[in-house]
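Written out below as structure tokens is the structure these notes cover.
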Amino acid sequence: MKLTLTLAGAVLALSGPAFAGSAEDLIAAGKCSSCHTAATTKRGPSWASVAEKYKGDPGAQAKLVDLLKTGGPDDHKKVAASEADLKAIVAIVLSSK
Ligand code: HEC
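Counting from 1, position 21 in the sequence shown corresponds to residue 3 in our numbering; the numbering is continuous, with no gaps.
What follows is the structure, given as structure tokens:
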């Protein structure tokens, strides 16, 4: 599990400066990792399976930003972050494989 996160971090670090910094910090600070990992289903779906589910959906980013803001129909954990940070978090999620 630690290894998975370390690897995911390494992959993200390699994927470019756009994702470095605050969004990853928010994923850590938002405790997303207590329920999600990049590649395995924990309490919540893996980032990779979320990316798969929304593949080809042009509205995916807006939907997921909204989910994180409002909690959505399933009462997801709400994330107190700026619109820009939420978009960056969702971009990381949707670019996971
Ligand atoms: C307390 C556990 C928990 C925490 C903490 C948590 N999640 Fe989730 N998450 C879930 C569960 C359970 C689901 C599946 C049910 C649902 O969609 O609400 C989910 C679903 C999701 C989905 C997919 C929604 C969809 O439509 O398929 C995304 C994206 C997501 N979480 C992002 C995050 C992010 C980003 C964070 C941290 C800021 C986070 N989650 C923190 C439990 C959690």
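Where is the CB? At the ideal position from N, CA and C, for every residue including glycine.
Cβ pair residue i, residue j closer than 8 Å
i, j, result
"Tyr36", "Leu68", "no"
"Ala11", "Ala70", "no"
"Lys60", "Gly53", "yes"
"Cys14", "Lys24", "no"
"Leu8", "Ala73", "no"
Under the three-state DSSP convention, the category residue i falls into
i, result
"Ser(-3)", "Note on Ser(-3): pLDDT 47, under 50, position unreliable in the model; no value is reported."
"Cys14", "helix"
"Ser4", "helix"
"Val75", "helix"
"Ser31", "helix"
"Ala62", "coil"
"Lys51", "helix"
Nonlocal neighbours in the same chain, by C-beta distance under 6 Å from residue i, ignoring five residues either side
i, result
"Leu50", "Val61 and Leu68"
"Gly95", "Since the first and last residues shown for the chain are -17 and 79, residue 95 lies out of range."
Beta-carbon separation (whole angstroms), residue i vs residue j, contact threshold 8 Å
i, j, result
"Ser78", "Ala42", "That belief does not hold up - the Cβ atoms of Ser78 and Ala42 are roughly 12 Å apart, past 8 Å."
Cβ-based neighbour list, residue i, same chain, cut-off 8 Å, excluding 5 preceding and 5 following
i, result
"Glu65", "Val47"
7 Å Cβ shell around residue i - same chain, five flanking residues per side excluded
i, result
"Asp57", "none"
Proximity test, Cβ basis, 8 Å: residue i and chain C
i, result
"Thr22", "Among the chains of the structure shown, chain C does not appear; only one protein chain is present."
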